[in-house]
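Quick note on my numbering: the sequence shown kicks off at 796 and runs consecutively.
All C-beta atoms in this analysis are idealised placements derived from N, C-alpha and C, irrespective of residue type, glycine included.
Since this is a predicted model, take the numbers as computed values, not measurements.
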Amino acid sequence: LVTNDFPPKIGGIQSYLWELWRRLPADEATVLTTAYEGADEFDAAAPIPVERVDASVLLPTPDVVRRIDEVAERCGAELVLLDPALPLGRVGPSLARPYGLVLHGAEITVPGRLPGARAQDQLRDPGPHGEVLLVGPPLRQVPPEERGHLDFCDLRQRAHVAPSIRGDHTAAQ
Numbered sequence: 796l797v798t799n800d801f802p803p804k805i806g807g808i809q810s811y812l813w814e815l816w817r818r819l820p821a822d823e824a825t826v827l828t829t830a831y832e833g834a835d836e837f838d839a840a841a842p843i844p845v846e847r848v849d850a851s852v853l854l855p856t857p858d859v860v861r862r863i864d865e866v867a868e869r870c871g872a873e874l875v876l877l878d879p880a881l882p883l884g885r886v887g888p889s890l891a892r893p894y895g896l897v898l899h900g901a902e903i904t905v906p907g908r909l910p911g912a913r914a915q916d917q918l919r920d921p922g923p924h925g926e927v928l929l930v931g932p933p934l935r936q937v938p939p940e941e942r943g944h945l946d947f948c949d950l951r952q953r954a955h956v957a958p959s960i961r962g963d964h965t966a967a968q
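Okay, structure coming up:
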């Protein structure tokens with residue numbers, strides 16, 4: 796997992812990711828994330844390896860691509876999961892390994908309102924080595940004015956849908 800949103804930073808996405816990743820076997824998962832106050836103590840107690848970059852945010856730069864590839868190589872990753880899809884997911888096509896993009900709420904609604912098609916195109920088609928995972932609101936609940944130009948039919952055909960907290964797959968509907 797490569798993310799800007801991981802504890803001890805507090806927030807909804809941080810809690811979501813922690814609840815998922817803390818349950819994974821330590822030899823099968825690694826987190827690459829940003830520096831944050833209290834991270835040394837948190838990481839020492841975490842049940843999985845956590846590596847931090849000395850930055851407050853990971854942006855789609857060549858240095859970030861190199862760091863992700865180095866960590867993925869060292870830990871033997873078969874897949875790199877990028878969360879959030881925007882802006883961090885923009886590094887996906889440059890990575891040496893297959894990757895996945897995680898879309899929460901804003902990653903679903905914001906690209907449809909952005910001028911130009913680059914962000915929208917990556918979410919619709921992340922390329923031959925990329926996948927999309929929807930964990931945001933059910934698509935049918937996103938108001939048309941928030942969708943902008945993003946074609947949800949295209950997105951649904953390409954995306955994997957994470958179960959809701961009820962265990963169903965309502966996000967795809």
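For residue i, list the residues DSSP reports as bridge partners.
i           : result
residue 859 : Looking at the DSSP assignment, residue 859 forms no beta bridge with any residue, so it has no partner.
residue 847 : 828
residue 797 : 827, 877
Since residue i is in the beta strand (DSSP E), which residue starts that stretch and which ends it?
i           : result
residue 836 : Segment 834-840 is the alpha helix (DSSP H) holding residue 836; no beta strand (DSSP E) there.
residue 877 : 875-878
Leaving out the 5 sequence neighbours to the left and right, which residues in its chain are closer than 6 Å to residue i when beta-carbon positions are compared?
i           : result
residue 830 : 847, 849
residue 799 : 829, 852, 853
For residue i, which residues from the same chain have a beta carbon less than 7 Å from its beta carbon, with the 5 sequence-adjacent residues on both sides left out?
i           : result
residue 802 : 809, 813, 837
residue 889 : 860
Who are the near neighbours of residue i in its chain, counting only those whose CB is closer than 8 Å to its CB and skipping five residues on each side?
i           : result
residue 882 : 854, 855
residue 862 : 827, 848
Which residue marks the beginning of the alpha helix (DSSP H) containing residue i, and which one marks its end?
i           : result
residue 814 : 807-816
How long is the line joining the alpha carbons of residue i and residue j, rounded to whole angstroms?
i           : j           : result
residue 887 : residue 893 : 8 Å
residue 806 : residue 851 : 15 Å
residue 858 : residue 819 : 28 Å
residue 864 : residue 891 : 6 Å
residue 946 : residue 866 : For residue 946, the predicted model reports a pLDDT of 47, less than 50, meaning its position is unreliable; a value from the coordinates is still stated below. Each residue's Cα considered, the two are about 34 Å apart.
List the whole-angstrom C-beta distance separating residue i from residue j, where the pair is believed to meet the contact cut-off of C-beta under 8 Å.
i           : j           : result
residue 821 : residue 842 : 6 Å
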